[in-house]
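Read the structure below first, then the notes.
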Amino acid sequence: MNAMSEHRPLTASKGNGATVNLAVAHRLEAERLIQWFGLAENLPRGEFPWYGNEDGLSLVVTGSGVERAAAGVRCLHERRPGCAWLNLGIAGHGAAAVGTGLLIHRIEDRSTGKRHWPSPTGLKLPGGNLITVSEAETDYAEDAAYDMEAAGFFAAASRLVAPDLVLVYKIVSDNPEHPLAGFRRGQVPLRFGARESEIRTLVAHLRERGSRFVRWHSLPTEYRQLLGKYHFSVTRKSALAKLCRRFTALGLEQKIAVLASKRYHNAGALMAALEAELAGAVAPGGTGSKESAS
Amino acid sequence: MFSAIYFESAVRDHPRTHAILRRYRDLPQIECERYGEIFNRKSQNFRLQKENPALILARKHGGKVLPAPGGYGFDAAGSHYFSHMLNCIYDCRYCFLQGMYRSAHCVLFVNYEDFAAAIEQTLSDPPLPKEDIHRNSCHSARSRRISSSTLPTRSCDSAQDDGVVHLPTGAGEVASGAGQVFYSGYDCDSLAFEPVSGFAEYFVPWFAARSRAILELRTKSTQIGGLLKQEPIPNCIIAMSFTTHAAAARWEHGVPAIDKRLAALRRLQEAGWPVALRFEPLLPDMKPDACGELFEQVFHRLDPRRLHSVSSGLFRMPADYFRNALKLYPDEALFARETRTRNGVVALQHPNEEAWLRQIETALFRHIDPTNYYRCADENTDSEN
Ligand code: SF4
Chain A
0 MNAMSEHRPL TASKGNGATV NLAVAHRLEA ERLIQWFGLA ENLPRGEFPW YGNEDGLSLV
60 VTGSGVERAA AGVRCLHERR PGCAWLNLGI AGHGAAAVGT GLLIHRIEDR STGKRHWPSP
120 TGLKLPGGNL ITVSEAETDY AEDAAYDMEA AGFFAAASRL VAPDLVLVYK IVSDNPEHPL
180 AGFRRGQVPL RFGARESEIR TLVAHLRERG SRFVRWHSLP TEYRQLLGKY HFSVTRKSAL
240 AKLCRRFTAL GLEQKIAVLA SKRYHNAGAL MAALEAELAG AVAPGGTGSK ESAS
Chain B
0 MFSAIYFESA VRDHPRTHAI LRRYRDLPQI ECERYGEIFN RKSQNFRLQK ENPALILARK
60 HGGKVLPAPG GYGFDAAGSH YFSHMLNCIY DCRYCFLQGM YRSAHCVLFV NYEDFAAAIE
120 QTLSDPPLPK EDIHRNSCHS ARSRRISSST LPTRSCDSAQ DDGVVHLPTG AGEVASGAGQ
180 VFYSGYDCDS LAFEPVSGFA EYFVPWFAAR SRAILELRTK STQIGGLLKQ EPIPNCIIAM
240 SFTTHAAAAR WEHGVPAIDK RLAALRRLQE AGWPVALRFE PLLPDMKPDA CGELFEQVFH
300 RLDPRRLHSV SSGLFRMPAD YFRNALKLYP DEALFARETR TRNGVVALQH PNEEAWLRQI
360 ETALFRHIDP TNYYRCADEN TDSEN
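In the order they appear, the protein sequences are chains A and B. Position 51 of the first sequence, counting from 1, maps to 50 under numbering that gives the first Met the number 0, and the rest follow consecutively. Position 232 of the second sequence, counting from 1, maps to 231 under numbering that gives the first Met the number 0, and the rest follow consecutively.
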């Protein structure tokens with residue numbers, strides 16, 4: 000089962016929304032995003048240019064190809080872990096009109112045959128399948144979008160967060176009627192500009208879901224205080240987190256605050272006091288404020 | 000209800016797939032090779048997915064009919080379960096499904112005909128032994144067993160040397176040894192998805208033609224329109240689960256209100272269907288008085304003499320499912336309580352469990368004949384780990 004609560008970073012922005020990380024392949028795909036979300040470049044630049052704002056949104060420009068996309072995701076994660084990830088970019092398509100925005104439901108890595116399945120969002124946005132290829136597609140053989148990064152992006156990002164918080168959105172730039180050869184790079188910001196509302200919707204959606212996720216797994220402030228006050232082994236630290244979560248779940252935040260303000264001989268004595276308090280509190284009839292007994 | 004429909008290539012041309020895809024034509028429809036590609040992926044988050052679940056249409060290959068776990072349902076000549084669906088459109092916080100599956104998407108196996116053939120085959124085979132598994136939700140871990148010390152006197156012809164009395168079926172004479180029982184609501188709710196799945200519409204007439212086989216539909220749903228259109232049959236039991244009002248309001252998300260469920264059961268009973276009551280799971284903060292009020296309400300609406308059977312069962316969950324559920328819901332009071340684990344099964348602690356249960360049963364026996372009642376087996380009958 001999902002082990003995010005234990006192994007994965009849970010970060011929140013200053014505004015308490017979740018951190019959302021965006022990944023694009025090229026600087027031109029980043030242009031409008033930087034403008035809309037007030038993103039500033041972080042220096043030193045390093046291998047992958049990356050941008051961020053005070054609101055917990057970050058963006059990395061990965062470069063082209065599956066491996067670069069995956070490496071870019073990992074690089075941004077090290078600098079600014081995200082609760083949720085969104086890959087944006089332009090793509091060819093076998094049937095859809097140029098300018099169409101597609102929320103991707105299925106990604107196939109043409110070179111390995113591996114498939115990825117971004118979770119449905121419930122948003123009323125046009126969707127479709129995507130094939131990640133290693134060279135720009137000019138045959139458009141299938142009724143699908145073609146790109147060069149999404150499979151690498153999705154595989155890397157869904158190792159960092161639950162795949163339910165990883166999305167891919169592509170804007171059709173070329174198709175059999177308007178082949179790639181006639182596509183001018185300068186059109187990229189225009190294509191993005193026409194899909195501003197959908198992109199903002201997706202970012203907001205991921206931010207909301209990510210925020211809920213952070214809230215579900217959050218620990219009371221006393222947890223950090225107690226870690227600073229006593230020495231905990233790794234096992235005890237994890238046990239303390241579990242105890243703190245139980246207090247919160249049972250609506251006993253006040254009690255943990257009272258206990259945390261007392262002085263104990265050591266971490267073991269503190270844990271014993273917390274356990275004793277919980278045992279008394281969770282007996283039927285002795286539950287905290289959240290418990291309205293039947 | 001759903002955010003997308005996935006369908007296996009193998010069922011693309013199945014009439015049920017066509018009908019469902021037509022019904023959900025406005026949703027994304029995504030083809031896959033095998034449902035497991037989506038359903039069994041690692042690191043999925045059940046809780047996040049439950050906010051936007053998808054429906055997956057698939058073909059069931061092996062294991063269509065399985066032996067019912069030990070402690071599940073009545074002791075008939077053979078007990079089996081079959082799951083035409085995995086997961087549930089409701090969201091009960093105590094349900095084991097959230098700890099059992101990686102995905103919250105609902106899988107509907109559309110090849111009912113193959114299930115029917117497998118049931119037919121089972122009917123012609125010798126009875127299978129029961130597995131020894133404990134799972135708890137409203138549709139799980141049932142037993143026809145009760146400790147002899149917990150019930151008023153009863154004449155019982157099946158006392159066993161494990162100190163447990165195996166009760167004959169009360170109103171449902173058809174169930175006691177007359178044939179083999181097939182439980183449908185083990186990995187889902189049997190009726191909740193009926194308007195789309197047409198599950199009962201297909202299987203009830205099928206069982207009507209096989210009177211020695213018994214079908215039990217486990218449900219919290221009020222989707223009974225299809226049943227009411229059919230002639231009642233004695234070998235199809237509709238078993239409805241209830242908890243107290245406060246517990247239902249707090250833990251049973253999306254489930255029809257108790258009053259609505261009772262109205263549905265009453266209509267079924269009046270139409271001549273065998274109905275059964277399952278008071279499960281009993282949770283430690285359900286006070287006997289609140290249970291008493293629920294029983295008053297239930298038996299004001301239903302005729303207790305015409306009930307197939309009544310049962311109760313404590314909250315129980317296999318330890319690994321419980322761990323998974325706790326990881327998903329660390330902020331959930333239900334999982335933050337004191338627990339005990341025996342034989343790989345987690346139970347919620349009650350300081351005076353036996354007395355509490357007896358109080359609840361005493362309140363229940365004001366309304367029903369105790370011989371028509373059983374308490375589900377619990378982990379106390381097993382050795383402690
Ligand atoms: S109705 Fe039954 S199967 Fe459905 S969520 Fe509730 S307990 Fe689980």
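Glycine included, every Cβ here is placed at the ideal spot set by N, Cα and C.
For residue i: DSSP bridge partner residues
{"i": "Ser82 of chain B", "result": "DSSP lists no partner for Ser82 of chain B."}
{"i": "Ile257 of chain B", "result": "In DSSP, Ile257 of chain B forms no bridge with anything."}
{"i": "Ile103 of chain A", "result": "A:Gly127"}
{"i": "Pro317 of chain B", "result": "B:Val344"}
{"i": "Val171 of chain A", "result": "A:Ala90"}
{"i": "Tyr5 of chain B", "result": "B:Ile29, B:Ile55"}
{"i": "Gln179 of chain B", "result": "B:Gly77, B:Ala212"}
{"i": "Gly51 of chain A", "result": "A:Ala39, A:Ser57"}
{"i": "Pro194 of chain B", "result": "Looking at the DSSP assignment, Pro194 of chain B forms no beta bridge with any residue, so it has no partner."}
{"i": "Arg266 of chain B", "result": "According to DSSP, which records beta bridges pairwise, Arg266 of chain B is partnered with nothing at all."}
{"i": "Ser240 of chain B", "result": "B:Arg277"}
{"i": "Glu251 of chain B", "result": "B:Cys91"}
Span separating the alpha-carbon of residue i from that of residue j
{"i": "Glu53 of chain A", "j": "Gln34 of chain A", "result": "14 angstroms"}
{"i": "Trp116 of chain A", "j": "Pro369 of chain B", "result": "52 angstroms"}
{"i": "Pro194 of chain B", "j": "Arg15 of chain B", "result": "12 angstroms"}
{"i": "Arg21 of chain B", "j": "Lys59 of chain B", "result": "22 angstroms"}
{"i": "Ala149 of chain A", "j": "His25 of chain A", "result": "13 angstroms"}
{"i": "Ile198 of chain A", "j": "Ile130 of chain A", "result": "21 angstroms"}
{"i": "Val180 of chain B", "j": "Leu21 of chain A", "result": "54 angstroms"}
{"i": "Ala212 of chain B", "j": "Asp302 of chain B", "result": "25 angstroms"}
{"i": "Arg357 of chain B", "j": "Tyr320 of chain B", "result": "28 angstroms"}
{"i": "Ala354 of chain B", "j": "Ser310 of chain B", "result": "17 angstroms"}
{"i": "Ala103 of chain B", "j": "Lys63 of chain B", "result": "21 angstroms"}
{"i": "Val203 of chain B", "j": "Leu267 of chain B", "result": "14 angstroms"}
{"i": "Arg11 of chain B", "j": "Tyr34 of chain B", "result": "13 angstroms"}
{"i": "Leu101 of chain A", "j": "Arg260 of chain B", "result": "42 angstroms"}
{"i": "Leu258 of chain A", "j": "Ala248 of chain A", "result": "17 angstroms"}
{"i": "Arg114 of chain A", "j": "Tyr89 of chain B", "result": "29 angstroms"}
{"i": "Leu306 of chain B", "j": "Glu141 of chain A", "result": "58 angstroms"}
{"i": "Leu242 of chain A", "j": "Arg336 of chain B", "result": "11 angstroms"}
{"i": "Gln48 of chain B", "j": "Asp284 of chain B", "result": "29 angstroms"}
{"i": "Glu360 of chain B", "j": "Pro66 of chain B", "result": "30 angstroms"}
{"i": "Val171 of chain A", "j": "Phe6 of chain B", "result": "26 angstroms"}
{"i": "Leu189 of chain A", "j": "Leu325 of chain B", "result": "47 angstroms"}
{"i": "Cys82 of chain A", "j": "Val213 of chain A", "result": "8 angstroms"}
{"i": "Val97 of chain A", "j": "Ala180 of chain A", "result": "14 angstroms"}
{"i": "Arg235 of chain A", "j": "Ala116 of chain B", "result": "55 angstroms"}
{"i": "Leu294 of chain A", "j": "Asp138 of chain A", "result": "Residue 294 of chain A is absent from the model: chain A starts at 0 and stops at 293."}
Residue i in three-state terms, based on DSSP
{"i": "Asn265 of chain A", "result": "coil"}
{"i": "Ser133 of chain A", "result": "coil"}
{"i": "Val23 of chain A", "result": "strand"}
{"i": "Ser308 of chain B", "result": "strand"}
{"i": "Ser118 of chain A", "result": "coil"}
{"i": "Leu96 of chain B", "result": "helix"}
{"i": "Ile232 of chain B", "result": "coil"}
{"i": "Ala174 of chain B", "result": "For Ala174 of chain B, the predicted structure reports a pLDDT of 40, less than 50, and the residue's modelled location is therefore unreliable. A value from the coordinates is still provided. Note: Ala174 of chain B maps to helix in three-state DSSP."}
{"i": "Ile367 of chain B", "result": "coil"}
{"i": "Ala69 of chain A", "result": "helix"}
{"i": "Asp138 of chain A", "result": "coil"}
{"i": "Tyr111 of chain B", "result": "helix"}
{"i": "Arg158 of chain A", "result": "helix"}
{"i": "Pro66 of chain B", "result": "strand"}
{"i": "Thr121 of chain B", "result": "helix"}
{"i": "Trp355 of chain B", "result": "helix"}
Short Cβ contact (7 angstroms threshold) for residue i with residue j
{"i": "Tyr80 of chain B", "j": "Tyr182 of chain B", "result": "yes"}
{"i": "Phe1 of chain B", "j": "Ala53 of chain B", "result": "yes"}
{"i": "Cys235 of chain B", "j": "Phe206 of chain B", "result": "yes"}
{"i": "Ser63 of chain A", "j": "Met147 of chain A", "result": "yes"}
{"i": "Ser196 of chain B", "j": "Leu107 of chain B", "result": "yes"}
{"i": "Phe198 of chain B", "j": "His83 of chain B", "result": "yes"}
{"i": "Ala161 of chain A", "j": "His92 of chain A", "result": "no"}
{"i": "Ala238 of chain B", "j": "Arg217 of chain B", "result": "yes"}
Proximity test, residue i beta-carbon vs the ligand PLP heavy atom, cut-off 6 angstroms
{"i": "Leu313 of chain B", "result": "Ligands displayed in this structure: the ligand SF4; the ligand PLP is not among them."}
Enumerate, from N- to C-terminal direction, the unbroken alpha helix (DSSP H) stretches of 4 or more residues contained entirely within the region 205–255 of chain A.
Unbroken alpha helix (DSSP H) runs of no fewer than 4 residues, entirely contained in the region 205–255 of chain A, are found at 220–228, 233–248, following chain order.
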